[in-house]
Each structure stands twice: as C-alpha cells, then as structure tokens.
C-alpha cells in the first residue's frame, strides 16, 4: 500500500469495497499477530480477567476460560476471517448475503453501539487512570482533578485522529510496537507474581466466599467457558476488517490462535485473574501498584492505558469502514468521517464517571446479536452456499441483486437472530452474571450459536430456498447495470 497521505486516505476511503492485492498490508505472520495482540490485550481485557476469580475455584475457572477461548475462535475463523480473506470484504458486507441488503442495518446498528461503547469505556479509563494520577501522587489539588482528566482526554482524541486520518497503515506501524510491549508487560507481571507467591500460592484466592458467583465446580467451569467464548466471539465483527487486508492464506489461523487467542486474550486474562485473586481486587491500577510499588506500578498502569489507545483506534477504524454502508457516509472524505466518529467521544471526556458506570451495559447488549449471527452466517456460507458468494451483488441495493430477499430483508434470518438474543438472555444475564436454569458447562453463547445455525438451516430449507430468493441457486453472472451500481443502505 502506498504510504503517502493521499495513498493511505484513498485506500481507507474505499475500505468497504473488495480489497485488491495491492491494498493488503498484512504480509507477515508477525505483523498480523501483533495487531491482534494490540486489540486483544487492551485494558478492557485486563478488566475482564479481574472478574474471573469471582466465578469460583480459580483453577477450574481458568481451565474453562482457555477451552472457551480456543473453541470460540473457531466460528470467528470460519464465519469471518476465512471468507473476508477470500472475498476482500468485511463482515458487515458479507452479512448482507444472509440478512439482506437492508436487513444488515440491524447488525450494523448493534455493531456501532458495541464498538463506540467499548471505545468510550477505554477512553474513559485512560482519562481517569492518567488524569487522576497527579492528584494521587500529591502533585495536584483534588479540585483540579477533572480539568486534568479532560485535558488527557482531549490529547488522547487528538492523537487518535492523527493515527486514524491516514488509514490502516499508520495504525499498523504503531501496532508493531504495541503488541510486543503489552505481552512484555504481562510476562513481567506473571514473573513477579510467581516470585512473590510461588506457583502454589498464586492459585489461592483472597476473594471472600460470599462474593463468589458459585462454589459448584461444574458451574464454575461454565462461567469460565462463557467468559472465554464471549471474548473470542467479540472478534467476530472485527476479524473481517483485518483479514480482508491479509496477503497470504498461511497467515489466517496461526496469528489468530497464537496472537489473538493465546497471547492476547488468554495470557492477559490469566495474569489479571491471578493478580486479582491474590490482591482481592479486579482493578488493575490497584494490583499493579501492590505488585511493584507506587512508582513502578503507576508507571506501568499509565503505559498500559496509553498502549490501549491503539486498540481504540482499531475499533474506530473498523466502525468507520462499517458506517460506509450508508451512502451519505460513503461519499464523505475519510478524515471527516473519522472526525464524525470521534466527536461523540468528546462527551465521554466530560463525563468519564457516568460512562464507566453505565455505558458497559449498552456495549454488552449491542454485541449480543453476534452470537446468533455467527451461527447463522457459518451455516449459510459453509453449508447452504458451499462457500460461494456473489460479491458484486453484495453492493446492489435494489431488487436486481441476489440478496434482496423480501424488500431487502431476509425475515427468516432476522427472526433467528432475534430469537438467539432472547435465548441467550434466558440462559445468562451478562450484566449481573446470573446464570439461568439452562446455563450449562458450555455456557450460553456457544449453545446459542449452534442452535441458531441449526434453526436457520431448517427455515432456509423450508422457506427461503423454495422461494428462489437469496441467490442460493444462481450461478455467477454479471450484475445488471454494473457500471452504475446503487450502493448502500
């Protein structure tokens, strides 16, 4: 890819169209792995790891988490990474094949809510973690703390724009540094924990028994498994934006499992869980200081928070690509689109406490649709379509396209996705972490994914395929009017 400003901007602005070989910037195993680590090992994953000890027996919880993460990456690779690599489009465009060219608006809304929600949470943590540090250290009066927090936020948003306005190439160069740095921090933390407590003592939890979610080993494994699956499936809508820019098929599974699953998610969560269990708090700013002392601990916290800015930039970048589904936004110049997405984050800077208290709920519920959607898309692409998509028809927004279904919506798929969300909430409440009667050793997300795929297969065979809609029986052909395609929602 051209590294000049105009080259990066042009490539980014055309990001939602099928990527050409010259657009594919991930040419090495290490480059893609470091990007996945930078996204997976961000501060929100550290926080998630701090919650794992509350699931019960720590050893069982960790075992369940690792199993869930590894298995959860399977649908991500099958339904997102592989087809995005093959066809050069992201998940939002691919989902049109099963949801319809207008039905994708539902998943697009959920995706944007989830993405901007987690970006807001990450930014709020950066603002408070760094902005309040001078007050905690005694260098600033408490009355000026909010001013310091706002200043840090404005600087973080400015830095994000400087990284984003030139496209993915600039972010990738930063990720090549951020990925190794985050892993180094986690490995050093693990070494210090082992030195301080030993291997046996490290697995002893100081979480009060009354605060544990369960003491039953089977349910503990289910909680750990659920945490792992959900963190892995959170990759589903983002993986497509990365793998559409991957050069070689050899770099699909390896960097995802090693960088995204094992080093990025599992190592970060395990270290955070061990530290939270020993120090009795999921707050990384607390246990980092307890582990290394005030000076080094606060320095490490600031460094991890700053490095997490790269993950926020990746989330905003993928959101910008997805939002180009709307014709008005597709015509907008890339820097202006980025500014438009970053602008709401100014409100985050002014209200960090409220964001940390409330936004996580919106972000969590915005992502629930992807558990059932993943099952529907894997079934649709690999079983019903035998891995064949008509890429040009993904960009036809009227009845001449194969994926128009009924007025642009595949109501069968929409019903299954909605039912999957209801099924998930009946089994597990992701906010209170209360497990329902149907919560099993396999958690809730994976059963919902499998059930959604099976239900859609039946509905497709009974309703969709006999109707002749959806392009299931149509071979590759020239799109009518392809010289003037009507693109967008």
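Residue numbers (this note's numbering): 1 to 489.
Just so you know, even glycine gets a beta-carbon here, dropped at the ideal spot from N, CA and C.
Would residue i and residue j be called neighbours here (beta carbons separated by less than 8 Å)?
{"i": "residue 296", "j": "residue 81", "result": "no"}
{"i": "residue 320", "j": "residue 338", "result": "yes"}
{"i": "residue 199", "j": "residue 232", "result": "no"}
{"i": "residue 100", "j": "residue 409", "result": "yes"}
{"i": "residue 193", "j": "residue 47", "result": "no"}
{"i": "residue 35", "j": "residue 242", "result": "yes"}
{"i": "residue 309", "j": "residue 159", "result": "yes"}
{"i": "residue 44", "j": "residue 138", "result": "no"}
{"i": "residue 157", "j": "residue 314", "result": "no"}
{"i": "residue 84", "j": "residue 234", "result": "no"}
{"i": "residue 307", "j": "residue 178", "result": "yes"}
{"i": "residue 23", "j": "residue 245", "result": "yes"}
{"i": "residue 515", "j": "residue 259", "result": "Since the first and last residues shown for the chain are 1 and 489, residue 515 lies out of range."}
{"i": "residue 280", "j": "residue 207", "result": "yes"}
{"i": "residue 247", "j": "residue 405", "result": "no"}
{"i": "residue 325", "j": "residue 104", "result": "yes"}
What residue range does the alpha helix (DSSP H) around residue i cover?
{"i": "residue 67", "result": "58-76"}
{"i": "residue 93", "result": "91-94"}
{"i": "residue 266", "result": "Run containing residue 266: none; DSSP gives neither H nor E here."}
{"i": "residue 389", "result": "Residue 389 -> no alpha helix (DSSP H), and no H or E assigned at all."}
{"i": "residue 347", "result": "345-350"}
{"i": "residue 189", "result": "168-202"}
{"i": "residue 324", "result": "Looking at the DSSP string, residue 324 is not in any alpha helix (DSSP H), and its letter there is neither H nor E."}
{"i": "residue 470", "result": "Premise fails: residue 470 is in no alpha helix (DSSP H) and is neither H nor E."}
{"i": "residue 218", "result": "217-233"}
{"i": "residue 146", "result": "145-164"}
{"i": "residue 50", "result": "43-51"}
{"i": "residue 383", "result": "From DSSP, residue 383 is part of no alpha helix (DSSP H); its letter is neither H nor E."}
{"i": "residue 338", "result": "334-342"}
{"i": "residue 397", "result": "Run containing residue 397: none; DSSP gives neither H nor E here."}
{"i": "residue 82", "result": "82-87"}
{"i": "residue 256", "result": "Element bounds for residue 256: n/a, residue is neither H nor E."}
{"i": "residue 114", "result": "104-131"}
Would you report the Cα separation of residue i and residue j, rounded to the nearest angstrom?
{"i": "residue 331", "j": "residue 116", "result": "21 Å"}
{"i": "residue 17", "j": "residue 88", "result": "8 Å"}
{"i": "residue 110", "j": "residue 371", "result": "12 Å"}
{"i": "residue 493", "j": "residue 164", "result": "Outside the shown range of the chain, which is 1 to 489, sits residue 493, and nothing can be said about it."}
{"i": "residue 416", "j": "residue 452", "result": "6 Å"}
{"i": "residue 149", "j": "residue 131", "result": "4 Å"}
{"i": "residue 471", "j": "residue 397", "result": "14 Å"}
{"i": "residue 317", "j": "residue 120", "result": "14 Å"}
{"i": "residue 442", "j": "residue 226", "result": "7 Å"}
{"i": "residue 375", "j": "residue 448", "result": "8 Å"}
{"i": "residue 63", "j": "residue 271", "result": "13 Å"}
{"i": "residue 436", "j": "residue 215", "result": "16 Å"}
{"i": "residue 361", "j": "residue 129", "result": "21 Å"}
{"i": "residue 367", "j": "residue 91", "result": "14 Å"}
{"i": "residue 221", "j": "residue 118", "result": "26 Å"}
{"i": "residue 74", "j": "residue 256", "result": "10 Å"}
{"i": "residue 113", "j": "residue 473", "result": "35 Å"}
{"i": "residue 269", "j": "residue 98", "result": "34 Å"}
{"i": "residue 491", "j": "residue 304", "result": "This structure does not reach residue 491, given that the chain is present from 1 up to 489, and the question cannot be answered."}
{"i": "residue 460", "j": "residue 429", "result": "30 Å"}
{"i": "residue 69", "j": "residue 287", "result": "24 Å"}
{"i": "residue 284", "j": "residue 294", "result": "13 Å"}
{"i": "residue 196", "j": "residue 202", "result": "9 Å"}
{"i": "residue 53", "j": "residue 434", "result": "15 Å"}
{"i": "residue 108", "j": "residue 411", "result": "16 Å"}
Compare the C-alpha of residue i against each of the options and name the closest.
{"i": "residue 273", "options": "55, 75 and 401", "result": "55"}
{"i": "residue 96", "options": "380, 422 and 418", "result": "380"}
{"i": "residue 204", "options": "353, 275, 181 and 50", "result": "275"}
{"i": "residue 350", "options": "126, 187 and 170", "result": "126"}
{"i": "residue 229", "options": "265, 201, 218 and 259", "result": "265"}
{"i": "residue 145", "options": "135, 153 and 152", "result": "135"}
{"i": "residue 456", "options": "323, 426, 413 and 421", "result": "413"}
{"i": "residue 421", "options": "403, 395 and 450", "result": "450"}
{"i": "residue 364", "options": "254, 425 and 402", "result": "425"}
{"i": "residue 152", "options": "166, 108, 67 and 133", "result": "133"}
{"i": "residue 469", "options": "439, 322 and 407", "result": "407"}
{"i": "residue 184", "options": "224, 147, 174 and 300", "result": "300"}
{"i": "residue 20", "options": "86, 76, 51 and 30", "result": "86"}
{"i": "residue 79", "options": "143, 236, 213 and 224", "result": "236"}
{"i": "residue 60", "options": "223, 467 and 336", "result": "223"}
Return the bridge partner residues of residue i from the DSSP annotation.
{"i": "residue 460", "result": "Beta-bridge pairing links residue 460 to no other residue."}
{"i": "residue 443", "result": "440"}
{"i": "residue 434", "result": "429"}
{"i": "residue 246", "result": "26"}
{"i": "residue 409", "result": "406"}
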